[in-house]
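A.B. asks: After the structure tokens below, expect a handful of questions from me.
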Amino acid sequence: MKIFATYNIKGGVGKTTAAVNLAYLSAADGCRTLLWDLDPQGAASFLFRIKPRVKGGGKALIRGTKALDDAIKGTDFDHLDLLPADFTYRNMDLLLGAAGADKKSTRKLAQLLRPLAAEYDHVFLDCPPSISLVSENVMHAADVLLVPLIPTTLSVRTLDQLTEFVAGFTGRRPQVWAFFSMVDRRKKLHLQITKNLTTERSGVAAAAIPALSMIERMSVERAPITAFAPNSAAARAYRALWSEVQQDPKP
Amino acid sequence: MTAASLRDFVADTPTGEDSPLDAVSSALSQTFAVRQEPGAAGSGTHRWTWLDTFDWRLYKAGLTLQFEQARRGGRLVLSKADGTPQAEQPVTRWPRRPGLAEDLPPGPVRDRILVLTSPRALLPIVKAVSTVTVTRLLNADGKTVARLVMDHVTVTAPTGNTAADTTAELPPRLSVAEVRGYPGQARKAADLLAGVPGIAHASQSRFIAALTALGRHPADYTSGVEAEITATMPAPVAVARLLLRLLDTLELNVPGVLRDIDTEFLHDLRVAVRRTRSAIKLLGGVLPAGLAEHFKAEFKWLGDMTTPLRDLDVQLLGFDALTGQLVAASPADLEPLRAFLAFRRAREFRRLAAALRGPRFRAITDDWRKALLEIRDVDGPRRRRPTAAALALSTTGRSFRRIAAQGAAITLDSPPESLHDLRKRAKELRYLLEFFAPLHDQVAYRKVLSDLKQLQDCLGEFQDSEVQRHEIGDLADAMMAERAAPAATLLAMGEIAAKLALSQAEARAEFAARFARFAGPAGRERVRVLLEGRS
Chain A
996 MKIFATYNIK GGVGKTTAAV NLAYLSAADG CRTLLWDLDP QGAASFLFRI KPRVKGGGKA
1056 LIRGTKALDD AIKGTDFDHL DLLPADFTYR NMDLLLGAAG ADKKSTRKLA QLLRPLAAEY
1116 DHVFLDCPPS ISLVSENVMH AADVLLVPLI PTTLSVRTLD QLTEFVAGFT GRRPQVWAFF
1176 SMVDRRKKLH LQITKNLTTE RSGVAAAAIP ALSMIERMSV ERAPITAFAP NSAAARAYRA
1236 LWSEVQQDPK P
Chain B
14 MTAASLRDFV ADTPTGEDSP LDAVSSALSQ TFAVRQEPGA AGSGTHRWTW LDTFDWRLYK
74 AGLTLQFEQA RRGGRLVLSK ADGTPQAEQP VTRWPRRPGL AEDLPPGPVR DRILVLTSPR
134 ALLPIVKAVS TVTVTRLLNA DGKTVARLVM DHVTVTAPTG NTAADTTAEL PPRLSVAEVR
194 GYPGQARKAA DLLAGVPGIA HASQSRFIAA LTALGRHPAD YTSGVEAEIT ATMPAPVAVA
254 RLLLRLLDTL ELNVPGVLRD IDTEFLHDLR VAVRRTRSAI KLLGGVLPAG LAEHFKAEFK
314 WLGDMTTPLR DLDVQLLGFD ALTGQLVAAS PADLEPLRAF LAFRRAREFR RLAAALRGPR
374 FRAITDDWRK ALLEIRDVDG PRRRRPTAAA LALSTTGRSF RRIAAQGAAI TLDSPPESLH
434 DLRKRAKELR YLLEFFAPLH DQVAYRKVLS DLKQLQDCLG EFQDSEVQRH EIGDLADAMM
494 AERAAPAATL LAMGEIAAKL ALSQAEARAE FAARFARFAG PAGRERVRVL LEGRS
């Protein structure tokens, strides 16, 4: 089981759309895939038409009184399941903090996911925007950290900070794959930063997700764009990204 | 594929204006939005073949094996009778000819069925073509919460002769597939379906439904006698029924022998012939004058025709076990012998096939059936004849007394022929017990049979070892004459002959104890209880 997580400290950068589309593409490849919507806003759950509700809430899942397995819902797509969001996830930091001492509390999600290894080939974690115990848990659980970046100078700084933070982990570290998201081809700065960084820096995917109104239609169609408009430019970009992030980044 | 469960249904009429399928959609629409899902997983046309041995070994073990055909190659899927998957493995193709499990590529299905089916071949039992359509059932959010899978299956019974294949259409099957996390919705859909007139819960698995539609029953072949006889039936009628049943078994195995599908067709055919000969010899007195004499000679001819091929089959089947016993020689040394046996087998097969296709064989089976049917149907109860029970009592008692006397006379100095002769008598008693099995108390029957089997095993080991030892000698002579025997092969054959002599000596040493168990006071009492009942 390989765990991918979409993470960025900022909101509205395309984490959920990436998680939803990459999870769909993984399932379409025939891999048994689970997407865990960790964001209490429940956008990924909404996109799959699944109610953002877990019986017993986040507390039951973190404390283990409800197995993750029992909360999973099938999506409309073969091989793709979803663990829905729940509004109580907003308190997940507190729940994780109560899980035990420092190391234990940062590895709780990894521990909860372990029993699903036989059932799934790929797990996608869609993280809420923050830097918190939840995000630290996600980084410890993930094999691959997918970081969407809006092509601005500040975003690049964020990536540097994140890379440094992960490098400080003792033992197992996730592989960091950044990719540009919401790229506006009319903006010179976007194109320049995208071009420079993808060529100069390792761990930045060549595939970039354009800013297209078609992607916004996902909330109307309530389905991955890769499913309802598989030949669109946006779907092609997600497919290119998916094939790239399954490889190791160039050194 | 799927097990019959509470979410599996059948429509009682296939198609047409009043088809209950039309009502299904409107019933489900009460609760769900119903959408066709073209291209859904599992939809489209599927082809598969259910496989089993001629004697239904997989079915009897509670298993179902199917070869699912794909555009390229396919896969073998082994399931329990209730549909629970057990193992599957890809296979490039299923040969047109029935194949042995040992010829499959290594894989989990082969591992599971090899011992169970060997040495029988896997035959196509039923071929199926199914067209599956999937309908999504949506909740108010437009989310798929269950799926309705509709399956139209056409089945064919392969006969090996395409022109004669029989085909049937199964009533359409509907099943509600649960979407993970929405069990209540699937239950609701199943409840709605159950309320549609003309839709009923599926009570049979698809395999059984397919067999039923083709007019077959599972396990409709057995090599056992199992004649329908009763104690009060006139003896000639009972004997005719018995012999007709044996003739059925014999004839059922002929096509398999002629197609050389596996060695057990010939084995079962020979057993039917041997039983027939024993029945003619031991019970033929109740048949019309002259009939037994004529057919005694005919069935002897038939039995003799089959012996050379069966002997070679036995040698080839046991070849690996034989080479495994070698200590001094290497198994490779015996390969020329295997090739020699295979060459001879091909020759003997052609000879037997010609005989089975010839006029004498056809005359035997046709005339025999005609004569037996006449006895079975014409012989009225008004004639004063012994009953089946009386015949069973007299013949079985006589047979047992004869064995007891012959066996008691055997000493350590007796020639091997005395044991061979006793083996024949024991086999006759075994057949008599099996012929009249429906008339006996089953507990008493099993006790006597168990004693007899142990004696037969010992006598069999003794004689088989001797026969094989002589055969090895004869084969060595023949190979020498045909210059087909390297020295290493002859030495290895010598080692095998020595092993056989040892087995024979061991069997000889065990004889006294086995015979004492069978014919001693306790054994006699068991036979008395069998024939006369408890007093």
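Going line by line, the protein sequences match chains A and B. Be aware that the first sequence starts at 996, since it is given in the working numbering, and climbs by one per residue. Be aware that the second sequence starts at 14, since it is given in the working numbering, and climbs by one per residue. Using N, Cα and C, we set each Cβ at its ideal position, and we do this for glycine too.
#1: Quick check: what's the CA-CA separation for B:Gln102 versus B:Gly120?
#2: State the Cα-Cα distance for the pair B:Thr175 and B:Gln49, rounded to the nearest angstrom.
#3: Span of the beta strand (DSSP E) holding A:Thr1028?
#4: Can you tell me the Cα-Cα spacing of A:Leu1120 and A:Phe999, whole angstroms?
#5: In terms of DSSP beta bridges, what is A:Arg1167 paired with?
#6: Would you call B:Asn266 buried or exposed, if buried means 16 or more other Cβ atoms sit within 10 Å of its Cβ?
#7: From the DSSP output, in three-state form, read off A:Gln1241 for me.
#8: Got a sec? Which residues, its chain only, sit under 7 angstroms from B:Thr15 by beta carbon, not counting five neighbours each side?
#9: Could you work out which residues of chain A lie near B:Arg193, taking near to mean beta carbons separated by less than 8 angstroms?
#10: Using 10 angstroms around the beta-carbon of B:Gln517, count the other beta-carbons present and answer buried if the total reaches 16, otherwise exposed.
#11: Looking at the strands, I want to know which residues DSSP matches up with B:Ser92.
#12: Can we count B:Lys460 as close to the ligand GTP, meaning its CB is less than 8 angstroms from some heavy atom?
#13: For B:Thr235, which option in B:Pro534, B:Pro185, B:Lys73 and B:Leu452 has the closest C-alpha, if you only look at C-alpha atoms?
#14: Between the Cα of A:Pro1205 and the Cα atoms of A:Pro1244, A:Glu1195 and A:Leu1144, which residue gives the shortest distance?
#15: Pull up the distance between the alpha-carbon of B:Leu263 and that of B:Thr319, whole angstroms please.
#16: Take B:Arg186 as the anchor and find which of B:Val480, B:Gln79, B:Leu386 and B:Val23 has the nearest alpha-carbon.
#17: I need the straight-line Cα distance from A:Gly1166 to A:Arg1027, nearest angstrom please.
#18: Just list the residues that DSSP pairs A:Val1178 with in beta bridges.
#19: Does the separation of the CB atoms of A:Pro1035 and A:Tyr1084 fall below 9 angstroms?
#20: Output yes if chain A places a C-beta closer than 9 angstroms to the C-beta of B:Gly86; else output no.
#21: What residues in the segment 1024-1052 of chain A have a beta carbon less than 8 angstroms from any beta carbon of chain B?
#22: Quick check: what's the CA-CA separation for A:Val1199 versus A:Trp1172?
#23: Find the nearest neighbour of B:Val166 within the set B:His280, B:Pro247, B:Gly57 and B:Pro111, judged by alpha-carbon distance.
#24: Taking 9 angstroms as the threshold (beta carbon to beta carbon), is B:Gly155 in contact with chain A?
#25: From the DSSP output, read off the bridge partner residues of B:Pro247.
#26: Compute the beta-carbon to beta-carbon distance between B:Leu543 and B:Val461, rounded to the nearest angstrom, for a pair I have assumed lies under 8 angstroms.
#27: For B:Val238 and B:Ala376, what's the separation of their Cα atoms in angstroms?
#28: Compare the beta carbon distance of A:Ser997 and A:His1117 with 9 angstroms and say whether it is the shorter of the two.
#29: Can you give me the C-alpha to C-alpha distance between B:Leu129 and B:Leu279, rounded to a whole angstrom?
#30: Here's the rule: buried if 16 or more other CB atoms are within 10 angstroms of the residue's CB, otherwise exposed. What is A:His1185?
#31: If you follow the alpha helix (DSSP H) that B:Gln217 is in, where does it begin and where does it stop?
#32: Bridge partners of A:Leu1140, per DSSP?
#33: Report the CB separation of B:Ala202 from B:Ala153 in whole angstroms; it is logged as a contact under 8 angstroms.
#34: In chain A, what lies closer than 8 angstroms to B:Ala54 by C-beta?
#35: Within the chosen definition, does the segment 1040-1051 of chain A reach the segment 1075-1084 of chain A through at least 3 CB pairs nearer than 8 angstroms?
#36: Under a three-way DSSP split, which group does B:Leu64 fall into?
C.D. replies: Quick look at the numbers:
#1: For the purposes of this step, residue 102 of chain B is taken as the residue at position 89 of the second sequence. For the purposes of this step, residue 120 of chain B is taken as the residue at position 107 of the second sequence. B:Gln102 and B:Gly120 have their C-alpha atoms roughly 6 angstroms apart.
#2: Looking up residue 175 of chain B in the second sequence gives position 162. Looking up residue 49 of chain B in the second sequence gives position 36. With a pLDDT of 47 at B:Thr175, under the threshold of 50, the modelled position of this residue cannot be trusted, and the question is left open.
#3: As a working mapping, residue 1028 of chain A is identified with position 33 in the first sequence. Going by DSSP, A:Thr1028 is part of the beta strand (DSSP E) stretching over Thr1028 to Asp1032.
#4: Position 125 of the first sequence, counted from the first residue, corresponds to residue 1120 of chain A. Position 4 of the first sequence, counted from the first residue, corresponds to residue 999 of chain A. Those two C-alpha atoms are separated by around 6 angstroms.
#5: Taking the first sequence and counting its residues from 1, one reaches residue 1167 of chain A at position 172. Beta-bridge pairing by DSSP links A:Arg1167 to no other residue.
#6: Along the second sequence, read from residue 1 onward, the residue named residue 266 of chain B stands at position 253. Counting of Cβ neighbours within 10 angstroms places B:Asn266 among the buried residues, the total reaching 16 or more.
#7: To locate residue 1241 of chain A, count along the first sequence from 1; it is residue 246. Residue state, collapsed to three classes: coil.
#8: Numbered from 1 along the second sequence, position 2 holds the residue referred to as residue 15 of chain B. With a pLDDT of only 39 at B:Thr15, under 50, the local geometry of the prediction cannot be trusted, and no value is derived from it.
#9: Here residue 193 of chain B is taken as the residue at index 180 of the second sequence, counted from 1. Listed by position along chain A, the residues whose Cβ is nearer than 8 angstroms to that of B:Arg193 are Ile1067, Lys1068, Gly1069 and Asp1076.
#10: For the purposes of this step, residue 517 of chain B is identified with residue 504 of the second sequence, where counting begins at 1. Within a 10 Å sphere around the beta-carbon of B:Gln517 sit 16 or more other beta-carbons, which makes this residue buried.
#11: Residue 92 of chain B sits at position 79 when you count from the first residue of the second sequence. Answer is B:Thr77 and B:Pro98, bridged to B:Ser92.
#12: This structure lacks the ligand GTP; in fact it carries no ligand of any kind.
#13: In the second sequence, the residue the question calls residue 235 of chain B occupies position 222. Of B:Pro534, B:Pro185, B:Lys73 and B:Leu452, the smallest CA-CA separation from B:Thr235 is found for B:Lys73.
#14: By 1-based counting over the first sequence, the position of residue 1205 of chain A is 210. Closest by alpha carbon: A:Leu1144.
#15: What you label residue 263 of chain B is simply residue 250 of the second sequence in a count that begins at 1. What you label residue 319 of chain B is simply residue 306 of the second sequence in a count that begins at 1. Distance between the alpha carbons of B:Leu263 and B:Thr319: 12 angstroms.
#16: The count along the second sequence starts at 1 and reaches residue 186 of chain B at position 173. Looking only at B:Val480, B:Gln79, B:Leu386 and B:Val23, the smallest Cα-Cα distance to B:Arg186 is reached by B:Val23.
#17: In the first sequence, residue 1166 of chain A corresponds to position 171, counting from 1. In the first sequence, residue 1027 of chain A corresponds to position 32, counting from 1. Roughly 28 angstroms between the two C-alpha positions.
#18: The residue labelled residue 1178 of chain A in the question sits at position 183 within the first sequence. Paired residues: A:Pro1205.
#19: As a first step, residue 1035 of chain A must be located in the first sequence, where it is residue number 40. As a first step, residue 1084 of chain A must be located in the first sequence, where it is residue number 89. Yes, these two residues count as a Cβ contact at 9 angstroms.
#20: In the second sequence, residue 86 of chain B corresponds to position 73, counting from 1. Judged by the 9 angstroms Cβ criterion, B:Gly86 is not in contact with chain A.
#21: Listed by position along the chain: Phe1043, Arg1044, Ile1045 and Lys1046.
#22: Against the first sequence, residue 1199 of chain A aligns to sequence position 204. Against the first sequence, residue 1172 of chain A aligns to sequence position 177. Roughly 6 angstroms separates the two Cα atoms.
#23: Start at 1 with the first residue of the second sequence, and residue 166 of chain B comes out as number 153. Here the closest residue by C-alpha is B:Gly57.
#24: The sequence position of residue 155 of chain B within the second sequence is 142, counting from 1. Contacts with chain A at 9 angstroms (Cβ-Cβ) include B:Gly155.
#25: Your numbering for residue 247 of chain B matches position 234 in the second sequence. Note: B:Pro247 sits in a beta bridge opposite B:Thr400.
#26: Here residue 543 of chain B is taken as the residue at index 530 of the second sequence, counted from 1. Here residue 461 of chain B is taken as the residue at index 448 of the second sequence, counted from 1. The distance from the Cβ of B:Leu543 to that of B:Val461 is about 5 angstroms, consistent with a contact at the 8 angstroms cut-off.
#27: Here residue 238 of chain B refers to the residue found at position 225 when the second sequence is read from its first residue. Here residue 376 of chain B refers to the residue found at position 363 when the second sequence is read from its first residue. Rounded to whole angstroms, B:Val238 to B:Ala376 spans 23 angstroms at the Cα level.
#28: Numbered from its first residue, the first sequence carries residue 997 of chain A at position 2. Numbered from its first residue, the first sequence carries residue 1117 of chain A at position 122. Per the sequence shown, the amino acid found at residue 997 of chain A is Lys instead of Ser. At the C-beta level, A:Lys997 and A:His1117 come within 9 angstroms of one another.
#29: As a working note, residue 129 of chain B is residue 116 in the second sequence. As a working note, residue 279 of chain B is residue 266 in the second sequence. Each residue's Cα considered, the two are about 19 angstroms apart.
#30: Sequence index remark: in the first sequence, residue 1185 of chain A carries index 190 (1-based). Looking at its Cβ environment, which holds 16 or more other Cβ atoms inside 10 Å, A:His1185 is buried.
#31: As a working note, residue 217 of chain B is residue 204 in the second sequence. In the DSSP assignment, B:Gln217 falls outside any alpha helix (DSSP H), carrying neither H nor E.
#32: Here residue 1140 of chain A is taken as the residue at index 145 of the first sequence, counted from 1. Bridge partners of A:Leu1140: A:Ala1000 and A:Val1171.
#33: Along the second sequence, read from residue 1 onward, the residue named residue 202 of chain B stands at position 189. Along the second sequence, read from residue 1 onward, the residue named residue 153 of chain B stands at position 140. The C-beta distance from B:Ala202 to B:Ala153 rounds to 15 angstroms, too long to meet the 8 angstroms contact threshold.
#34: As a working note, residue 54 of chain B is residue 41 in the second sequence. Within chain A, the residues near B:Ala54 are Asp1073.
#35: Yes, they touch.
#36: Along the second sequence, read from residue 1 onward, the residue named residue 64 of chain B stands at position 51. It is a strand residue.
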